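Take a look at the structure set out below.
Here it is as structure tokens:
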């Protein structure tokens, strides 16, 4: 990648936990689960465990009741060696840091179901069991010291990976891009370097802020610690 060539020191680091994820058609959830979870942003916190869920549009952006999906995300700690096993798919292929839907091995799918039964409130546990194909992503951190090398720039998650608790990756990438366009608008060839320097500093500040906020949130949600380290 461009980053590995020009910013070889900037490598994402594993944060020590992953997100199990799933999408369930709402009409496949039990009546009791729908009663507790629909119409609310649901949470369930535990030791080294944080669960959340909410309704999202269904196929073709359908928002009618009975046609939506319930989206859930369950953060669980996992040591690095276990992560490697989790991210080996049903065909024996190493998926690195993201397991796509439909590829999780039977062993780890059953593990998710069992842990849901053991650890989650009934409405969430039933919803996890209703998920035919759970998938997963490792939570990682990335911070760079610069976003400009000559005429090359890093944007979005290529520069900073904020943890998903911030819900900021998409908006950050958009903010980087809009600010870059505004900085370069009307600038002649000789002014590009100065425009990039002017653009870079506030984007670095934004990335550092979101990174620190994500680490703080993750530490609290997963370990009930407030430190940013």
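Residue numbers (our numbering): 5 to 233.
Cβ atoms here follow ideal geometry from the backbone N, Cα and C, with glycine treated the same way.
These numbers were taken from a predicted model, which means no experiment stands behind them.
Each of 170, 208, 167, 171 was checked against the Cα of residue 184, and the nearest Cα belongs to 208. Bridge pairing for residue 78: 24, 55 [DSSP].
Taking 8 Å as the cut-off, the beta carbon of residue 138 is found no closer than this to the beta carbon of residue 23.
Residue 156 sits in a strand when the DSSP states are folded into three classes. Contact between residue 73 and residue 27 holds, with the beta-carbon distance rounding to 5 Å and staying under 8 Å. Sequence-distant Cβ neighbours of residue 221 in its own chain, meaning closer than 8 Å and more than five residues away, are 167, 169, 170. The stretch 177-232 is shown to contain whole alpha helix (DSSP H) runs of 4 or more residues at 196-227, in chain order.
Proximity of the stretch 64-73 to the stretch 88-101 falls short of the contact definition, fewer than three beta-carbon pairs being nearer than 8 Å. The beta carbon of residue 21 sits closer than 7 Å to those of 79, 80, 81, 82, 143, 226, all from its chain and outside the five residues before and after it, given in chain order. Residue ranges of uninterrupted alpha helix (DSSP H) with 4 or more members, entirely inside the stretch 58-115 and ordered along the chain, are 84-90. The straight-line gap separating the alpha-carbon atoms of residue 186 and residue 5 is approximately 26 Å. In this structure, residue 57 keeps its C-beta atom at 8 Å or more from the C-beta atom of residue 40. Counting along the chain, residue 144 sits inside the beta strand (DSSP E) bounded by residues 139-145. When DSSP states are grouped into helix, strand and coil, residue 19 belongs to the strand group. Bridge pairing for residue 46: 57 [DSSP].
Of the residues 51, 86, 9, 71, the one whose Cα lies closest to the Cα of residue 33 is 71.
Judged by beta-carbon spacing, residue 164 lies within the 8 Å limit of residue 148, meaning their Cβ atoms are closer than that value. For residue 150, there is no enclosing alpha helix (DSSP H), as DSSP marks it with neither H nor E. Residues of the same chain with a CB within less than 8 Å of the CB of residue 88, apart from the 5 flanking positions on each side, are 98 in chain order.
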